[in-house]
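Chains as they are written, first to last, in the working numbering: chain A, 1 to 300; chain B, 301 to 595.
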Amino acid sequence: MVTEATQRLPVASDRNAGALRRNSPAYRPGQLLGRVVVWILLAALAIVVIYPLLWMVFSSFKDNTEVFGNPWGLPSQLRWHNFVQAGNAGVVRYFTNSVIVTSVSIVTTTLISAWAAYGLVRVQIPLAGPVILMLLGGLMLAPTVALVPLFGLLQQLHIYNSYWALIVLYTAFRIPFTTFLIRAYMVDLPPDVDEAAIIDGATRGQIFWQIIFPMCRPIVVSAALLQALFAWNEFVFALVFISSGDLKTLPVGLVDMQSRLLTNWPVQFAGLTMAALPMIVLFLIGQRQFLRGLTDGIGK
Amino acid sequence: MNRTLARSRTWVWVLPAVILLGVFVYYPIVDNIRLSFYSWSAFSPHATFVGFGNYTNAFSDSVFRRALVNNVLYAVISLIFQVGGSLVLAAVLEEVVHNRLRGILRTIYFIPATISITVAGILFAFLYNPQIGLVNRALSGVGLGSLAHDWLGRPQTAIFAIIGMSQWQSIGYTAVLFVVAIQRIPRELYEAAKVDGAGGVRTFFSITIPLLREMTTLVTILTLSGAFLVFNEVMVMTGGGPSNSSQVLGTWLYQNAFLQDDMGYAAAIATVIFVITFAISAAQIVYTRRRRVQW
Numbered sequence: 001m002v003t004e005a006t007q008r009l010p011v012a013s014d015r016n017a018g019a020l021r022r023n024s025p026a027y028r029p030g031q032l033l034g035r036v037v038v039w040i041l042l043a044a045l046a047i048v049v050i051y052p053l054l055w056m057v058f059s060s061f062k063d064n065t066e067v068f069g070n071p072w073g074l075p076s077q078l079r080w081h082n083f084v085q086a087g088n089a090g091v092v093r094y095f096t097n098s099v100i101v102t103s104v105s106i107v108t109t110t111l112i113s114a115w116a117a118y119g120l121v122r123v124q125i126p127l128a129g130p131v132i133l134m135l136l137g138g139l140m141l142a143p144t145v146a147l148v149p150l151f152g153l154l155q156q157l158h159i160y161n162s163y164w165a166l167i168v169l170y171t172a173f174r175i176p177f178t179t180f181l182i183r184a185y186m187v188d189l190p191p192d193v194d195e196a197a198i199i200d201g202a203t204r205g206q207i208f209w210q211i212i213f214p215m216c217r218p219i220v221v222s223a224a225l226l227q228a229l230f231a232w233n234e235f236v237f238a239l240v241f242i243s244s245g246d247l248k249t250l251p252v253g254l255v256d257m258q259s260r261l262l263t264n265w266p267v268q269f270a271g272l273t274m275a276a277l278p279m280i281v282l283f284l285i286g287q288r289q290f291l292r293g294l295t296d297g298i299g300k
Numbered sequence: 301m302n303r304t305l306a307r308s309r310t311w312v313w314v315l316p317a318v319i320l321l322g323v324f325v326y327y328p329i330v331d332n333i334r335l336s337f338y339s340w341s342a343f344s345p346h347a348t349f350v351g352f353g354n355y356t357n358a359f360s361d362s363v364f365r366r367a368l369v370n371n372v373l374y375a376v377i378s379l380i381f382q383v384g385g386s387l388v389l390a391a392v393l394e395e396v397v398h399n400r401l402r403g404i405l406r407t408i409y410f411i412p413a414t415i416s417i418t419v420a421g422i423l424f425a426f427l428y429n430p431q432i433g434l435v436n437r438a439l440s441g442v443g444l445g446s447l448a449h450d451w452l453g454r455p456q457t458a459i460f461a462i463i464g465m466s467q468w469q470s471i472g473y474t475a476v477l478f479v480v481a482i483q484r485i486p487r488e489l490y491e492a493a494k495v496d497g498a499g500g501v502r503t504f505f506s507i508t509i510p511l512l513r514e515m516t517t518l519v520t521i522l523t524l525s526g527a528f529l530v531f532n533e534v535m536v537m538t539g540g541g542p543s544n545s546s547q548v549l550g551t552w553l554y555q556n557a558f559l560q561d562d563m564g565y566a567a568a569i570a571t572v573i574f575v576i577t578f579a580i581s582a583a584q585i586v587y588t589r590r591r592r593v594q595w
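In structure tokens, the structure reads:
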């Protein structure tokens with residue numbers, strides 16, 4: 001089961017495709033020219049895509065004179081104090097807030113979604129149809145549309161301007177996607193596991209925690225990574241429902257910082273680099289899980 | 301009786317999800333429609349019923365129309381790059397590039413999608429900046445210095461500069477989705493086409509495109525509804541300016557709700573966004589249902 005799922009991943013199936021290709025005949029001259037042109041275009045695109053990010057990292061080590069005088073090249077020395085300054089200007093505070101909101105919402109979203117998925121796949125609950133319809137509809141409803149009423153609602157619930165405002169919203173709006181993602185995986189698990197455990201006298205709760213949830217680990221990891229990406233980068237809710245500077249998350253805090261630091265460019269670049277790095281690193285490490293979550297999530 | 305009780309107890313599995321969705325997703329969206337028929341502000345408890353007043357206001361509001369046009373521009377340009385461009389890019393990556401390098405290129409193209417729109421937005425605001433930005437310098441470098449100007453500061457170019465940033469961020473993401481779909485096409489089809497003497501372009505049009513129709517529809521829907529929900533990049537890069545030239549529905553909603561305190565009008569704009577994006581998603585469901593019946 002698990003191997004079947006991994007074989008569908010791009011990285012793994014490349015091997016087969018390559019083996020077929022190696023047997024193909026040598027290129028004709030016209031084709032060769034075409035390939036060279038394609039190669040140049042692909043390389044150019046790669047440079048256009050990656051250079052702005054390199055510029056950001058390089059500039060974060062420069063000083064203002066270098067940002068103006070030597071904009072394209074490497075920094076003459078590594079000025080780590082830019083990062084210290086950016087940290088003191090608020091990045092550490094915002095970073096901490098983002099870590100708190102992101103990690104709590106990862107736990108709540110994956111747990112609540114895995115529960116719901118289990119209920120829908122294995123337990124025969126009454127009114128399962130309407131629940132699925134509700135989740136499906138939830139996929140189509142966008143945060144922006146709910147802003148005005150949520151503003152009043154969160155104040156009534158006394159969670160406006162608190163971590164909870166963001167945690168609750170990040171969870172609620174991501175439950176539909178995450179539930180469908182985990183459900184698609186659970187459907188493929190062999191049902192005799194449950195049946196055997198029930199005969200042995202296990203309760204539904206025990207089966208979920210001790211058998212099903214561990215078996216779903218690969219897809220739960222994907223779901224957690226995608227939730228991390230979402231929560232770390234979310235902007236609208238973080239802008240509208242957090243008013244005090246101390247509670248702001250990175251995406252909103254950086255905008256604040258931009259207006260405070262103005263033309264202190266290297267420190268600005270250092271702040272951007274610090275905000276971007278965690279997700280880039282996470283993506284490079286967990287690329288497979290990321291891509292599986294993305295493609296399974298939207299394909300099913 | 302006991303049986304019914306036992307069965308209703310099974311609801312604990314879905315209850316947290318249902319409650320959270322009901323309270324924080326469905327209730328606000330329904331309430332938003334109700335609120336759009338009132339005129340009220342966040343600081344006065346008094347709301348006046350105005351019927352369709354907020355909607356008629358919207359359609360005579362030139363900024364609202366400008367915003368709608370900008371969203372449409374966003375959609376059209378994104379369709380060209382993120383659907384058309386990415387599809388070609390994915391096919392080329394799969395057909396022309398060797399294994400190891402293909403993986404590296406794919407990773408590079410995807411990286412912008414992992415950074416937040418805020419970081420990308422601020423970064424591109426710096427790139428477009430006439431003082432430190434690379435865009436103007438690059439133009440002067442290749443002898444096009446006359447084109448250099450303040451990209452985000454001019455009403456004629458601001459929205460296009462923002463849309464450009466968005467393409468940079470998303471093209472790799474949609475390309476990867478297409479790559480995965482292409483890999484699910486049986487290799488034998490391509491081998492057979494090659495044996496029959498079909499070239500790369502021919503194969504692309506007669507195998508890749510028809511067999512990717514499902515993914516293409518899906519990416520089209522995601523891109524379209526994304527284009528009508530744009531908010532973050534505009535907020536960060538221009539705030540809708542200069543003189544409202546880069547305003548989109550999302551930012552105009554925000555301004556009316558939280559800066560001009562015209563909550564009713566903001567709710568009406570939100571309803572317009574809701575109707576547009578819901579119609580796009582519904583169209584997709586109808587389309588895929590019909591196709592499934594045909595099969």
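Backbone N, C-alpha and C define an ideal beta-carbon position, used for all residues, glycine too.
Give me the chain B residues within the contact set of residue i, using Cβ-Cβ distance strictly less than 7 Å, ordered along the chain.
i: V38 (chain A); result: V392 and V396
i: I125 (chain A); result: T310, W311, W313 and V314
i: T171 (chain A); result: L320
i: G138 (chain A); result: L321 and V325
Inspect the beta-carbon positions of residue i and residue j and report whether they are closer than 7 Å.
i: Q382 (chain B); j: I471 (chain B); result: yes
i: L452 (chain B); j: Y490 (chain B); result: no
i: I305 (chain A); j: A223 (chain A); result: Absent from the model: residue 305 (chain A). The displayed extent of chain A is 1 to 300, so no value can be given.
i: T310 (chain B); j: I132 (chain A); result: no
i: A390 (chain B); j: F504 (chain B); result: no
i: T418 (chain B); j: L254 (chain A); result: yes
i: A342 (chain B); j: D561 (chain B); result: yes
i: A89 (chain A); j: M274 (chain A); result: no
i: V314 (chain B); j: G119 (chain A); result: yes
i: L189 (chain A); j: Q289 (chain A); result: no
i: I509 (chain B); j: A493 (chain B); result: no
i: S105 (chain A); j: T171 (chain A); result: yes
i: V501 (chain B); j: T295 (chain A); result: no
i: L444 (chain B); j: P52 (chain A); result: no
i: G559 (chain B); j: A570 (chain B); result: Strictly speaking, residue 559 (chain B) in this sequence is Leu, with Gly absent from that position. Contact flag unset, no.
In the DSSP assignment, find the unbroken alpha helix (DSSP H) run with residue i in it and report its ends.
i: F428 (chain B); result: One detail in the question is off: residue 428 (chain B) reads as Tyr in this sequence, not Phe. Run containing Y428 (chain B): I417 to Y428, per the alpha helix (DSSP H) assignment.
i: W552 (chain B); result: L549 to Y554
i: L254 (chain A); result: L250 to L261
i: W301 (chain A); result: Outside the shown range of chain A, which is 1 to 300, sits residue 301 (chain A), and nothing can be said about it.
i: S525 (chain B); result: R513 to F528
i: N161 (chain A); result: Taken as a continuous stretch (DSSP letters only), N161 (chain A) belongs to no alpha helix (DSSP H), as it is neither H nor E.
i: Q85 (chain A); result: H81 to A86
i: A223 (chain A); result: R217 to N233
i: A128 (chain A); result: A128 to M140
i: W265 (chain A); result: W265 to I285
i: W72 (chain A); result: Here W72 (chain A) belongs to no alpha helix (DSSP H), and DSSP marks it neither H nor E.
i: L389 (chain B); result: S386 to V396
i: V536 (chain B); result: N532 to M537
i: D246 (chain A); result: Run containing D246 (chain A): none; DSSP gives neither H nor E here.
Mind listing the chain B neighbours of residue i? Cutoff is C-beta to C-beta under 8 Å, in chain order.
i: S259 (chain A); result: Within chain B, no residue comes near S259 (chain A); the closest Cβ sits about 11 Å away, beyond 8 Å.
i: I50 (chain A); result: I408 and I411
i: N97 (chain A); result: By Cβ distance, chain B contributes nothing, its closest Cβ being about 14 Å from N97 (chain A), past 8 Å.
i: V104 (chain A); result: Ordered by position in chain B, no residue passes the 8 Å Cβ test against V104 (chain A), which lies about 14 Å from the chain.
List the residues of chain A whose Cβ lies closer than 7 Å to the Cβ of residue i, in chain order.
i: P430 (chain B); result: Simply none; closest approach about 12 Å.
i: G550 (chain B); result: T144
i: D331 (chain B); result: P149
For a contact defined as C-beta to C-beta under 9 Å, what are the partners of residue i on chain B?
i: M186 (chain A); result: Within 9 Å Cβ-Cβ: nothing; M186 (chain A) doesn't reach chain B, min ~12 Å.
i: S113 (chain A); result: A317
Show which residues of chain A have a CB atom less than 9 Å away from the CB atom of residue i.
i: I417 (chain B); result: N233, F235 and P251
I want to verify the contact list: residues of chain A whose CB lies under 8 Å from the CB of residue i, in sequence order.
i: R365 (chain B); result: The contacting residues do not exist; R365 (chain B) stays about 19 Å from chain A at best.
### Message
Would you call the segment 525-540 of chain B in contact with the segment 342-361 of chain B, where contact means no fewer than 3 C-beta pairs closer than 8 Å?
### Response
no
| message | For the structure I just gave you, are there three or more beta carbon pairs, one from the segment 90-102 of chain A and one from the segment 161-171 of chain A, closer than 8 Å? | response | The segment 90-102 of chain A, when compared against the segment 161-171 of chain A, does touch it at the 8 Å Cβ threshold.
Practice item. Mind listing, in chain order, the continuous beta strand (DSSP E) runs of no fewer than 3 residues lying wholly within the segment 302-384 of chain B? Key: 338-341 and 344-349
Quiz item: Does the pairing of the segment 351-363 of chain B with the segment 439-452 of chain B give three or more beta-carbon distances under 8 Å?
Solution: no
Would you call the segment 515-527 of chain B and the segment 370-377 of chain B touching, i.e. three or more CB-CB distances under 8 Å? yes
Under 8 Å: do the segment 538-549 of chain B and the segment 466-482 of chain B share three or more Cβ pairs, one atom per stretch? Two segments are said to touch when three or more pairs of C-beta atoms, one from each, lie closer than 8 Å; by this definition the segment 538-549 of chain B does not touch the segment 466-482 of chain B.
- [ ] Could you tell me whether the segment 565-578 of chain B touches the segment 135-150 of chain A, using the rule of 3 or more Cβ pairs below 8 Å?
- [x] yes
Check whether the segment 237-247 of chain A touches the segment 146-156 of chain A, counting contact only when three or more Cβ pairs, one atom from each stretch, lie closer than 8 Å.
The segment 237-247 of chain A, when compared against the segment 146-156 of chain A, does touch it at the 8 Å Cβ threshold.
- prompt: For the segment 508-521 of chain B against the segment 402-410 of chain B, are there 3 or more C-beta pairs whose distance is under 8 Å?
  reply: Short answer: they don't touch.
Note to self: Measuring CB atoms only, is the segment 429-440 of chain B touching the segment 244-254 of chain A, in the sense that at least three cross pairs come out at less than 8 Å?
What the structure shows: no
Item to complete: Indicate whether the contact test is met: 3 or more Cβ pairs, each with one atom in the segment 50-59 of chain A and one in the segment 71-80 of chain A, closer than 8 Å.
Response: yes
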